[in-house]
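Here is the structure we will look at.
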Amino acid sequence: MGRPLSGVPHVGRRTETRKDGTKYIYERTTIYDPQTKKIKVLGCKLIGKILKGTDEIIQTRAKKPAAPKPVASVKATRAHVGASEILDFVGKQSSIDDCILRSLPEAEALKSISLARYLVACDRRTLPGIETWQLNHQIPYLEPITERVYGTLFEHVGQNESWVQNYFRYIASTLEKEPALALDSTTVSTYSTNLKEARYGFNKDADGLPTIKFVTLYSVKNRLPIAYCKQPGNIPDVTSIQTALKQLSVLGVTKPMIVTDNGYYSMGNMVELLDSNLKFLTLASRSVTWLRDIVEEALRDLDNLDNICPYDTQVKGKTVSKMQEFSRLRHRSTASAKAGEAQQFSRRIYVHILRNSEIQTCKTRALEEELTELRNAVLSGEELSESAIKKVEKYLILSRVGRGGKLTVRFNQEAFNETAKFFGLFVLVSNKAQNCFEALEDYRLREKTEEAFGIYKGYCDGRKPRVWSGDRLRGRQFVQFIALSYRCWLIGKIKEIKELLARTVLEKAHKTERIKAEKLLSWLENRSLAQILDWFDCIEETTVAGKAGEIRWKTESVERDRYFLSLLGMKI
Numbered sequence: 176m177g178r179p180l181s182g183v184p185h186v187g188r189r190t191e192t193r194k195d196g197t198k199y200i201y202e203r204t205t206i207y208d209p210q211t212k213k214i215k216v217l218g219c220k221l222i223g224k225i226l227k228g229t230d231e232i233i234q235t236r237a238k239k240p241a242a243p244k245p246v247a248s249v250k251a252t253r254a255h256v257g258a259s260e261i262l263d264f265v266g267k268q269s270s271i272d273d274c275i276l277r278s279l280p281e282a283e284a285l286k287s288i289s290l291a292r293y294l295v296a297c298d299r300r301t302l303p304g305i306e307t308w309q310l311n312h313q314i315p316y317l318e319p320i321t322e323r324v325y326g327t328l329f330e331h332v333g334q335n336e337s338w339v340q341n342y343f344r345y346i347a348s349t350l351e352k353e354p355a356l357a358l359d360s361t362t363v364s365t366y367s368t369n370l371k372e373a374r375y376g377f378n379k380d381a382d383g384l385p386t387i388k389f390v391t392l393y394s395v396k397n398r399l400p401i402a403y404c405k406q407p408g409n410i411p412d413v414t415s416i417q418t419a420l421k422q423l424s425v426l427g428v429t430k431p432m433i434v435t436d437n438g439y440y441s442m443g444n445m446v447e448l449l450d451s452n453l454k455f456l457t458l459a460s461r462s463v464t465w466l467r468d469i470v471e472e473a474l475r476d477l478d479n480l481d482n483i484c485p486y487d488t489q490v491k492g493k494t495v496s497k498m499q500e501f502s503r504l505r506h507r508s509t510a511s512a513k514a515g516e517a518q519q520f521s522r523r524i525y526v527h528i529l530r531n532s533e534i535q536t537c538k539t540r541a542l543e544e545e546l547t548e549l550r551n552a553v554l555s556g557e558e559l560s561e562s563a564i565k566k567v568e569k570y571l572i573l574s575r576v577g578r579g580g581k582l583t584v585r586f587n588q589e590a591f592n593e594t595a596k597f598f599g600l601f602v603l604v605s606n607k608a609q610n611c612f613e614a615l616e617d618y619r620l621r622e623k624t625e626e627a628f629g630i631y632k633g634y635c636d637g638r639k640p641r642v643w644s645g646d647r648l649r650g651r652q653f654v655q656f657i658a659l660s661y662r663c664w665l666i667g668k669i670k671e672i673k674e675l676l677a678r679t680v681l682e683k684a685h686k687t688e689r690i691k692a693e694k695l696l697s698w699l700e701n702r703s704l705a706q707i708l709d710w711f712d713c714i715e716e717t718t719v720a721g722k723a724g725e726i727r728w729k730t731e732s733v734e735r736d737r738y739f740l741s742l743l744g745m746k747i
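Mapping of the sequence shown onto the numbering used here: residues 176 to 747, in sequence order.
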């Protein structure tokens with residue numbers, strides 16, 4: 176009986192002799208296959224050779240591994256494109272980019288647009304951060320924007336006033352016919368002692384620093400800043416309107432209406448506007464002498480139901496027209512009058528008296544509570560301040576019964592009624608024929624300029640000038656003005672989207688559409704513009720260039736984000 180099969184491979188050597196007498200030694204691995212009953216060769220490896228006439232084995236060299244096949248290299252780039260594409264869309268749709276490119280040389284225009292987009296996209300960051308930001312973001316100017324580059328840009332823009340004024344003219348040409356233009360100002364504080372415009376005056380930030388004044392004309396319908404000018408910080412608002420009127424004369428705006436707050440109200444400014452044949456709408460103080468009687472008479476029936484505002488039931492209003500006498504000094508002599516003499520003339524003025532009942536109720540309740548506490552303080556014998564004593568004399572009646580009798584305190588109802596009747600009351604004065612609620616709508620749109628100045632200071636790096644010369648300040652303000660225009664237009668567009676979504680929800684559209692609208696509306700209501708742009712900034716685009724051409728792909732986005740971009744008007 177033969178040995179049992181182990182199944183283990185056998186390693187042995189095999190010698191082959193060639194014709195020249197050289198012997199090749201191989202290491203061969205074999206195994207017995209019981210099925211075929213034959214020896215199967217598993218592998219054979221050359222380990223050396225013995226030359227003819229010798230006994231020494233010469234080791235053979237190992238074979239070199241096969242060289243890898245060459246792989247063609249590719250050029251690839253990656254960039255954050257979400258926020259950049261939104262801002263590019265804004266620049267084109269609002270005509271801001273087109274106006275800049277038409278006004279400035281191409282290189283300066285592209286630098287200005289790139290800096291403005293950076294200020295909008297990067298919440299509260301300063302300009303030096305653009306050097307690293309542009310490494311992975313798409314901007315129109317492709318070269319590096321260093322501090323030296325944008326410092327030179329600011330100086331060139333500041334020294335070429337025609338570039339700035341041309342931009343104002345081009346952007347003004349996009350307005351509707353007979354636009355309403357809000358006029359307002361803000362102050363920018365500075366530590367610099369080199370800026371001649373920095374002076375001590377009214378500081379709206381109340382930080383005790385010298386300021387530079389920034390006066391802006393703002394389209395209330397298009398939500399776009401149209402023009403601006405800088406002035407020394409000690410110039411009061413009431414005199415700033417003269418510069419604005421001269422600037423309007425070169426903008427080519429057709430029959431604008433100037434909307435201002437009471438900081439610009441004065442008879443002199445009204446005369447300036449009338450002489451320029453401009454319409455105006457301004458908030459005025461009810462205590463002005465010529466308005467006092469009109470307001471007193473209008474109060475008699477102001478609270479009638481017929482005077483309720485159709486779009487805001489908290490407001491009631493009434494319009495009174497009046498031929499008002501004005502006086503101006505003659506600049507030239509005529510046969511009937513000499514230069515420097517006062518000339519009287521009349522114009523029809525519309526006085527809109529309005530009252531907000533919600534404000535009236537709150538102020539009335541607050542005064543009632545204050546007087547009640549004041550009466551209790553008098554009865555308890557507390558020591559009163561000087562201002563409290565004056566209120567006691569006006570609103571309380573103190574008396575005693577007999578000598579040393581008990582003190583009684585009653586309210587002076589007539590004095591209370593006289594004060595309370597003006598609560599929630601405000602007066603708009605205009606030379607344009609319109610009812611009080613049309614005027615109120617225009618004035619409320621003007622209030623958005625206050626938000627714009629908050630944007631300018633908080634989000635466009637406008638809190639401090641950070642420049643050494645007046646020319647650089649002018650150029651820096653121009654770039655910040657463009658950034659402000661981007662933000663204002665986009666904020667207005669998002670507001671329109673919110674209103675559309677709210678209507679979609681209220682109109683009880685299809686369930687799927689209603690749910691989509693509710694989700695997007697909730698998301699927009701709980702995010703600022705900076706947060707929205709930051710959200711989309713995570714979208715990246717990868718570009719790979721090869722023999723077949725460029726291949727691109729972007730980060731995927733959720734349905735809500737695509738829905739928002741489609742409502743914005745972008746192709747997705």
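Glycine included, each C-beta is placed from N, C-alpha and C at the ideal position. Note that the coordinates shown come from a computational prediction; the quantities given were computed from them, not determined experimentally.
Just how far apart, CA to CA, sit residue i and residue j?
i, j, result
"residue 656", "residue 455", "25 Å"
"residue 356", "residue 521", "25 Å"
"residue 469", "residue 495", "8 Å"
"residue 245", "residue 282", "42 Å"
"residue 472", "residue 390", "36 Å"
"residue 207", "residue 191", "22 Å"
"residue 363", "residue 497", "40 Å"
"residue 451", "residue 273", "31 Å"
"residue 519", "residue 525", "19 Å"
"residue 736", "residue 742", "10 Å"
"residue 233", "residue 204", "21 Å"
"residue 335", "residue 329", "10 Å"
"residue 699", "residue 467", "45 Å"
"residue 484", "residue 434", "20 Å"
"residue 580", "residue 486", "56 Å"
"residue 474", "residue 461", "12 Å"
"residue 304", "residue 322", "9 Å"
"residue 605", "residue 393", "18 Å"
"residue 717", "residue 320", "23 Å"
"residue 570", "residue 666", "47 Å"
"residue 332", "residue 647", "8 Å"
"residue 553", "residue 593", "23 Å"
"residue 689", "residue 682", "9 Å"
"residue 660", "residue 348", "15 Å"
"residue 444", "residue 459", "12 Å"
"residue 588", "residue 489", "26 Å"
"residue 231", "residue 186", "21 Å"
Can you tell me whether residue i is buried or exposed, with buried defined as 16 or more other CB within 10 angstroms of its CB?
i, result
"residue 188", "exposed"
"residue 219", "exposed"
"residue 166", "Shown here, the chain extends from 176 to 747; a query on residue 166 therefore has no answer."
"residue 359", "buried"
"residue 365", "buried"
"residue 572", "exposed"
"residue 183", "exposed"
"residue 179", "exposed"
"residue 181", "exposed"
"residue 416", "buried"
"residue 266", "buried"
"residue 261", "buried"
"residue 531", "buried"
"residue 361", "buried"
"residue 436", "buried"
"residue 275", "buried"
"residue 135", "Since the first and last residues shown for the chain are 176 and 747, residue 135 lies out of range."
"residue 398", "buried"
With residue i and residue j assumed to form a contact (beta carbons below 8 Å), what rounded beta-carbon distance in angstroms separates them?
i, j, result
"residue 374", "residue 407", "5 Å"
"residue 285", "residue 316", "4 Å"
"residue 404", "residue 386", "With 8 Å as the limit, residue 404 and residue 386 do not qualify as a contact, their Cβ atoms being about 15 Å apart."
"residue 353", "residue 431", "7 Å"
"residue 123", "residue 654", "There is no way to answer for residue 123, as the model of the chain reaches only from 176 to 747."
"residue 350", "residue 446", "No, residue 350 and residue 446 are not in contact; Cβ-Cβ is about 26 Å, not under 8 Å."
- Item | Complete runs of the alpha helix (DSSP H) confined to the segment 637–717 [at least 4 residues] | 645–681, 686–700 and 704–711
- Message: Contact between the segment 294–313 and the segment 670–678 is defined here as three or more beta-carbon pairs at a separation below 8 Å; is this criterion met?
- Response: no
- Message: Count Cβ pairs between the segment 526–538 and the segment 554–565 that sit closer than 8 Å; are there 3 or more?
- Response: no
- Item | Any 3 or more C-beta pairs closer than 8 Å across the segment 186–205 and the segment 224–234 | yes
- Query: Is it true that the segment 582–589 meets the segment 438–446, where meeting means three or more beta-carbon pairs spaced less than 8 Å apart?
  - Reply: no
- Should the segment 249–262 be regarded as contacting the segment 709–722, the criterion being three or more beta carbon pairs within less than 8 Å? yes
- Query: Mind pulling the beta strand (DSSP E) runs of 3 or more residues that sit fully within the segment 544–630?
  - Reply: 571–575, 582–586 and 600–605
- Item | 4 or more residues per run - each alpha helix (DSSP H) lying fully within the segment 210–280 | 257–268 and 271–278
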